[in-house]
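Asker:
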Amino acid sequence: MLLSGSQTKHILITQAVAQLKQPPIYLLRGQQHKFHALIAQEEEAWEAQMQGKENASGAAGHMQSFEEYRTKSQAAGVM
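Residues 39 to 117, numbered by my numbering, are exactly what the sequence shown covers, in order.
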């Protein structure tokens, strides 16, 4: 439990923390740049993992953007 007046400003919960593989990352006031860098690193790893799963599952019908959806819809005569 954090007390008021504590120097801890950010607590980062990563995938490893959620899986109980490591403790949460506590960052002090003034370390927001490190916090945001760690978040970006975690998101990049997660996106790479999701991209790998999509490639492995053969998600051929999955569209990456609205423009791709619109093009395929028009070609199929839906729009």
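Where a beta carbon is used, it is the ideal one built from N, C-alpha and C, also for glycine.
Between S111 and Q102, what straight-line distance do the alpha-carbon atoms span, to the nearest angstrom?
Answerer: The C-alpha of S111 lies about 14 angstroms from the C-alpha of Q102.
Asker: Ends of the beta strand (DSSP E) at T46?
Answerer: 46 to 50
Asker: Could you check the C-alpha separation between A54 and Q60 for me, to the nearest Å?
Answerer: 6 angstroms
Asker: Within the same chain, show all residues whose beta-carbon is closer than 7 angstroms to that of L76, passing over the 5 residues directly before and after it, in chain order.
Answerer: L50, I63
Asker: From which residue to which residue does the alpha helix (DSSP H) around Q60 run?
Answerer: Per DSSP, Q60 lies in no alpha helix (DSSP H) segment and is marked neither H nor E.
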